[in-house]
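Asks:
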Amino acid sequence: MFFLSDNAASPCPEVLDAVVAAAPAAAAGYDGDAVSAQLDAEFGALFGRACTVLPVGTGTAANALALAAMVPPFGAVVCHSEAHIHVDECGAPEFFTGGAKLLLVPGGDGRLTASGIDTALAGHRGDVHQVQARALSLTQATEAGTVYAPDALAALGDHARAKGWRVHLDGARFANAVAHLGCAPGDISWRAGVDILSFGMIKNGGMTAEALVVFAPELVAELRFRRKRAGQMPSKGRFQAAQLLAMVRDDVWLRNARAANAGAAQLAAAAAGRLLYPVEANEVFVQLRPGEPERLRAQGFSFYDWGAAGSNEARFVVAWDTPPGDVAALAAALG
68 MFFLSDNAAS PCPEVLDAVV AAAPAAAAGY DGDAVSAQLD AEFGALFGRA CTVLPVGTGT
128 AANALALAAM VPPFGAVVCH SEAHIHVDEC GAPEFFTGGA KLLLVPGGDG RLTASGIDTA
188 LAGHRGDVHQ VQARALSLTQ ATEAGTVYAP DALAALGDHA RAKGWRVHLD GARFANAVAH
248 LGCAPGDISW RAGVDILSFG MIKNGGMTAE ALVVFAPELV AELRFRRKRA GQMPSKGRFQ
308 AAQLLAMVRD DVWLRNARAA NAGAAQLAAA AAGRLLYPVE ANEVFVQLRP GEPERLRAQG
368 FSFYDWGAAG SNEARFVVAW DTPPGDVAAL AAALG
């Protein structure tokens, strides 16, 4: 019974069908095909604003390329100390920006606040001897499985704008956040001041495509070149475009996210009183009892140990396709 990560979830049928449907005939390469041509209009309708969509193959590529378009080599990205761009992307943001630094800011429950940012950067100077912050990168849903409310995200966007920073949103679990909040996608993206969204699909029933959704048109031209230079512009791009279109049409992305969130809520109820963070998406962090990790694994449950070695902290992730019976079995075991 698999609760390690939603990265390993299977592609949903709509995505597989779309890839097959795009296969029979030859088509122009490098985004010149009829399928890719539909992306901007489809996502524009979803977000309620004109935007440019650039497919890429991984979330790391999406994040790193977005930040590279915003931040010069002598600049810096302000982010949470547990942000994926810092902990899990092997220096890709630093590499693709040409050497920009990440300025780390702590924050409770995985979230940043304006006051926390100001406190962390209080001693940072504006002279030539230090890198200069040029962008704020936020994560929605956060690495702790929590979610920013629209007004909280907008306040951070306003704070960044007042400092002259761009805003990037790592939306690897953006769908889970929208499903939890019940808001419009635009409410936690461009209306909150986001310039570029890394719209995650692979964790949510996609296969090999993520979407860079660019709301700042002045960044598009450079991003196209950076995407090509990074090897993220496949000749048969219609197969990535087909996946993205299949996810956003008929609200497949929300259906999948709601299923994952519902499973996580079931686990949260079973582990009440032992949760490390509020459960607002599809990740559940639990303080296990001594010997409980071994007992759960012996029962066939797979999950990641979390926190310091020997802490008995664990992370359980429910995917869109996690069998309800597996969720019920884990809930019973945790209860």
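Our numbering puts the first residue of the sequence shown at 68, with every later residue one more than the last.
Glycine included, every Cβ here is placed at the ideal spot set by N, Cα and C.
In this text, all values refer to a predicted model and were calculated from it rather than measured experimentally.
1) Over the uninterrupted beta strand (DSSP E) stretch that includes His226, give me the two end residues.
2) Can you check which of these residues, Pro360, Ser103, Ala400, Ala309, is closest to Leu83 by C-alpha distance?
3) Taking the C-alpha atoms as reference points, what is the distance between Gly183 and Ala222?
4) Could you pull out every unbroken alpha helix (DSSP H) segment of at least 4 residues lying fully inside the stretch 231 to 291, listed in chain order?
5) Restricting to runs no shorter than 4 residues, where is the alpha helix (DSSP H) found entirely within the stretch 287 to 322?
6) What residue ranges within the stretch 118 to 176 form continuous alpha helix (DSSP H) runs of no fewer than 4 residues, ordered along the chain?
7) Do you know whose CA, among Ser77, Gln199, Asp185, lies nearest Leu167's CA?
8) DSSP puts Leu203 in a beta bridge; with which residues?
9) Taking just the CA atoms, how far does Gln307 sit from Phe163?
10) If Ala348 and His235 are in contact, beta carbons under 8 Å, what's the gap, nearest whole angstrom?
11) Restricting to Cα atoms, I'd like to know which of Val145, Asn328, Glu210 is closest to His191.
12) Let me make sure I understand the geometry here. Which of Asp372, Pro360, Val384 has the alpha-carbon closest to that of Ala327?
13) In terms of residues, what are the limits of the alpha helix (DSSP H) holding Val195?
14) Between Gly273 and Met314, which are expected to be in contact by the criterion C-beta below 8 Å, what is the C-beta distance as a whole number of angstroms?
15) Quick one, are the C-beta atoms of Val353 and Ala375 less than 7 Å apart?
16) Taking C-beta to C-beta, are Arg24 and Gly260 nearer than 7 Å?
17) In the DSSP assignment, what residue or residues form a beta bridge with Phe435?
18) Nearest to Ala365 by alpha carbon, out of Glu350, Gly212, Leu397?
19) If we ignore side chains and look at the alpha-carbon of each, how far apart do Cys157 and Ala278 end up?
20) Name, in chain order, the residues that DSSP records as bridge partners for Tyr371.
21) Apart from the five residues on each side of it in sequence, which residues of its chain come closer than 6 Å, Cβ to Cβ, to Leu169?
22) Closer than 7 Å by C-beta to Ala404: which residues in its own chain qualify, once you throw out the five before and the five after it? Chain order, please.
23) Any idea which residues DSSP pairs Leu342 with across the strands?
24) Leaving out five residues before and five after Gly177 in sequence, what residues of the same chain have Cβ atoms less than 8 Å from its Cβ?
25) Using 7 Å as the threshold, is the C-beta distance between Val394 and Gln299 below it?
26) Just checking Phe110 against the ligand COA - is the residue's beta carbon closer than 6 Å to any of the ligand's heavy atoms?
27) Measure the alpha-carbon distance for Leu171 versus Arg201 and round it to whole angstroms.
28) To the nearest angstrom, how far is the alpha carbon of Phe141 from that of Ala187?
29) Would you give the residue range spanned by the alpha helix (DSSP H) that Arg362 belongs to?
30) Please tell me whether Leu312 and Glu109 are closer than 7 Å, where the distance is taken between their beta carbons.
31) Does the beta carbon of Leu236 come closer than 7 Å to any beta carbon on chain C?
Replies: The answer reads as follows:
1) From DSSP, His226 is part of no beta strand (DSSP E) but of the alpha helix (DSSP H) over 217 to 229.
2) Ala309
3) 13 Å
4) 241 to 248
5) 287 to 296, 305 to 315
6) 126 to 137, 151 to 154, 159 to 164
7) For the sequence presented, residue 167 should be read as Ala rather than Leu. Here the closest residue by C-alpha is Gln199.
8) Val145, Val234
9) 22 Å
10) Not really, about 19 Å apart at Cβ, beyond 8 Å.
11) Val145
12) Val384
13) Looking at the DSSP string, Val195 is not in any alpha helix (DSSP H), and its letter there is neither H nor E.
14) 6 Å
15) no
16) Missing from the structure shown is residue 24; the chain here goes from 68 to 402 and no further.
17) No answer is possible for residue 435: the residues shown for the chain start at 68 and end at 402.
18) Leu397
19) 21 Å
20) Arg382
21) Val144, Cys146, His153
22) Outside the modelled stretch of the chain, which goes from 68 to 402, sits residue 404, for which no answer is possible.
23) Val353
24) His147, Glu149, Thr206, Thr209, Glu210, Ala211, Gly212, Thr213, Tyr344
25) no
26) You won't find the ligand COA in this model; it holds no ligand whatsoever.
27) 14 Å
28) 19 Å
29) 359 to 365
30) yes
31) The structure shown has no chain C; it contains just one protein chain.
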